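In terms of the working numbering, the sequence shown opens at residue 99 and continues consecutively.
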Amino acid sequence: MFATTLQGFTLGLAMIIPIGAQNAFVLSRGIHRNHHLLTATLCSLCDLVLIGIGVFGGARVLAANPLGMALLTWGGVLFLGWFGVRSLRSAWRGAGEGLADSPQVMGVKGVLAMTLGVTLLNPHVYLDTLMLLGSLGSQVAESLRPAFAAGAMLASLVWFYSLALGAAALAPWLARGRVQRGIDLLVGVIMLSLAFQLARGS
């Protein structure tokens, strides 16, 4: 059982760590110390639910619904494109701004909406959690699937909280004007690149 849990944890990290919309947003909230723990919690909870659904049969349901996947993909293209442009505009206008005045600082409702957006409107999340982890988890013995799912869920919790807390701890350095503009630029490029990849792949 321990080996299966470790397998789920390792594969979960492999799916989550590569930079993407979720990670970029969690990083930016941590740098701003702007509801970063709330962001990490919400990302983790969404992953926990999706991983559980995937491991226990949801992967087959998603694979059998191409129309729903297509609608989700184009919704993700629009959302990621909008967020990418927003980040690039922030980088362009960021000269001389203090962190507290940055348009990237949001209220609780804004953080909740954006976190759900970069999570639930991003088809990569479903592919990683429902399809890939779900397919891999469904291949282990039925009695060991809860252990595999628990390992993958733990990976999500460890990663998102580490990213949020690490960014917050380094915030005094990362929040400098020039560094912040560079991060906004990087986030914008990542979001637009993901939007382009989704549009091309569809």
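The C-beta atom is built at its ideal place from N, Cα and C for all residues, glycine as well. Small disclaimer: the values here were computed from a predicted structure and weren't measured.
Would you kindly work out how many angstroms separate the C-alpha atoms of residue i and residue j, rounded to a whole number?
i	j	result
GLU240	LEU231	15 Å
GLN237	LEU272	42 Å
GLY235	GLY152	8 Å
VAL216	PHE107	23 Å
LEU125	SER260	10 Å
THR103	GLY275	43 Å
LEU255	SER142	5 Å
TRP301	LEU111	Residue numbering for the chain in the displayed model covers 99 to 300; residue 301 lies beyond these limits and cannot be assessed.
ILE114	TRP257	8 Å
SER233	LYS207	34 Å
Just confirm the distance between the C-beta atoms of residue i and residue j, as a whole number of angstroms; I'd bet it's less than 8 Å.
i	j	result
ALA119	MET289	6 Å
PHE225	PHE177	For the record, residue 225 in the displayed sequence is Leu; it is not Phe. 16 Å between Cβ atoms; not a contact.
Could you pull out every residue in the same chain whose Cβ sits closer than 6 Å to the Cβ of residue i, ignoring the five residues on either side in sequence?
i	result
GLY196	The predicted position of GLY196 is uncertain, since its pLDDT is 39 and thus under 50; a value taken from the coordinates is nonetheless stated next. If we look at GLY196 and ignore the five residues flanking it on each side, it has no Cβ neighbours.
LEU140	THR213
LEU148	THR227 and LEU228
PHE181	MET289
VAL203	HIS130 and ASN132
So, at 8 Å on beta carbons, what are the nonlocal neighbours of residue i in its own chain, with the 5 sequence-adjacent residues on each side left out?
i	result
ILE129	ALA265, ALA266, LEU268, ALA269, LEU272, ALA273, GLN278 and ILE281
VAL183	GLY286 and LEU290
If the criterion is Cβ atoms closer than 8 Å, does the pair residue i and residue j meet it?
i	j	result
ALA262	VAL175	no
ALA122	VAL285	yes
LEU283	LEU186	yes
PHE154	ARG298	no
Classify residue i as buried or exposed, calling it buried when 16 or more other Cβ atoms lie within 10 Å of its own Cβ.
i	result
PRO164	exposed
LEU109	buried
SER291	exposed
MET99	exposed
GLY249	buried
ALA189	buried
In chain order, what residues of the same chain lie with their CB nearer than 7 Å to the CB of residue i, ignoring the 5 residues before and after it?
i	result
ARG127	HIS133, HIS134, THR137, VAL209 and ALA262
GLY150	ALA247
GLY179	LEU290 and ALA293
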